[in-house]
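Right, one structure below, let's go through it.
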Amino acid sequence: MIGIFDSGVGGMTVARAIEHICPGYPLIYFGDIARTPYGSKSPETIIEYSRRNTDFLLNNGATLIVIACNSAASTAADALRSHYTVPVLDVISPATVKAAAVTKNQRIGVIGTRATVRSGVYTDRITALNAQCRVFSQACPLLVPLVEEGWLNKRETKMILRRYLSPIKRQQIDTLVLGCTHYPLLHKLIQPRIGKRVQLIDSSVEVARHVKEFLDKSPETNHKLSGQTTNSRFFVSDSTGPVRQLANRIFGRTIHLEKVDA
Ligand code: DGL
Numbered sequence: 005m006i007g008i009f010d011s012g013v014g015g016m017t018v019a020r021a022i023e024h025i026c027p028g029y030p031l032i033y034f035g036d037i038a039r040t041p042y043g044s045k046s047p048e049t050i051i052e053y054s055r056r057n058t059d060f061l062l063n064n065g066a067t068l069i070v071i072a073c074n075s076a077a078s079t080a081a082d083a084l085r086s087h088y089t090v091p092v093l094d095v096i097s098p099a100t101v102k103a104a105a106v107t108k109n110q111r112i113g114v115i116g117t118r119a120t121v122r123s124g125v126y127t128d129r130i131t132a133l134n135a136q137c138r139v140f141s142q143a144c145p146l147l148v149p150l151v152e153e154g155w156l157n158k159r160e161t162k163m164i165l166r167r168y169l170s171p172i173k174r175q176q177i178d179t180l181v182l183g184c185t186h187y188p189l190l191h192k193l194i195q196p197r198i199g200k201r202v203q204l205i206d207s208s209v210e211v212a213r214h215v216k217e218f219l220d221k222s223p224e225t226n227h228k229l230s231g232q233t234t235n236s237r238f239f240v241s242d243s244t245g246p247v248r249q250l251a252n253r254i255f256g257r258t259i260h261l262e263k264v265d266a
């Protein structure tokens, strides 16, 4: 199974994109809702949680790990890669490749949680791909709770977005990376506020394309996964009530969330 983990159910934007772009591969998803949010936690804590999540996925049939959470990917990807032998893909690299490829004026914005922005990983990877690029990052800590509350079209959300986006808009970026699991749900609000000429890069779609490319190039992993007939399963680490609606909204259908002690 393709193992995907996130700090909560926001990472289902990644699971949905993988399901769409890699149909026929069973997924096993783990959302660590007992410990969310990761975006405000220290690197040590995020690494410890990420290891625990990976162990859960591997013990339950994953043969490939996708870190869907930008906060975990920016902080724990290297630690996971050196600790485990299975392939570990992360949500960040594919978005940086796309951003560096599409920008015309080499001015790229990145929005994410505090942990993601603090790590500087988007800036490092984009400038490693193209040293001419300038990256303008903005932490947007209020956006995750607004999305989780379902405030996707409220006046307050629009006001807060305008406030977060205006410093990077002033930098005349032509590309903006949505560097958090929850932000694809705000796509329609972000586009008019950052400007219609700015290309938005949805990291969930980019990582799903990367998973597809990886499977096409890795016959061994592909063989293990494509022979599986199991259904996709979605696990969370706390009671499912409050997040069920968000999970269903992301997938556009009813998702059966299973609570586990992990
Ligand atoms: N999944 C996190 C991310 O993509 C957002 C929620 C959190 O802070 O845990 O950064």
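Numbers 5 to 266, taken from this note's numbering, label the letters of the sequence shown in order. For every residue, glycine included, the Cβ atom is placed at its ideal position computed from N, Cα and C.
Just confirm the distance between the C-beta atoms of residue i and residue j, as a whole number of angstroms; I'd bet it's less than 8 Å.
i    : j    : result
Q110 : C137 : 5 Å
A251 : C26  : Wrong, their Cβ atoms sit about 19 Å apart, outside the cutoff.
A99  : G183 : 7 Å
P47  : F218 : Actually they do not touch by this definition, with Cβ atoms about 26 Å apart.
L62  : G15  : 17 Å between Cβ atoms; not a contact.
Y42  : Y29  : With 8 Å as the limit, Y42 and Y29 do not qualify as a contact, their Cβ atoms being about 26 Å apart.
V181 : S208 : Contact doesn't hold; Cβ gap of about 11 Å is too wide.
Identify the continuous beta strand (DSSP E) that holds residue i and give its terminal residues.
i    : result
Q142 : R138 to A143
Given this structure, state the Cα-to-Cα distance separating residue i from residue j, to the nearest angstrom.
i    : j    : result
H227 : A76  : 28 Å
S78  : P223 : 28 Å
L321 : T40  : Since the first and last residues shown for the chain are 5 and 266, residue 321 lies out of range.
I194 : K45  : 26 Å
I22  : A66  : 15 Å
L165 : V70  : 28 Å
K173 : M163 : 15 Å
R317 : R56  : Only positions 5 to 266 of the chain appear in the structure, and residue 317 is not among them; the question remains open.
T89  : L68  : 10 Å
S141 : P149 : 20 Å
V121 : I115 : 8 Å
V240 : T161 : 27 Å
R236 : V151 : At residue 236 the sequence reads Ser, which differs from the Arg that was named. Those two C-alpha atoms are separated by around 25 Å.
P145 : R118 : 6 Å
Which residue from the options puts its Cα closest to that of residue i?
i    : options                   : result
F9   : I37, V209 and T117        : I37
I259 : Y29, G7 and Y33           : Y33
M5   : R257, D242, V240 and T225 : T225
R159 : R197, Y126 and T185       : R197
V139 : L146, A72 and I130        : I130
D265 : D59, K162, G199 and I172  : D59
G154 : V202, A103 and V247       : V247
A132 : S123, V101 and K108       : V101
I112 : Q249, G245, I205 and K221 : I205
For the alpha helix (DSSP H) holding residue i, just list the boundary residues, first then last.
i    : result
L165 : R159 to K173
Y126 : V125 to L133
Y53  : P47 to N63
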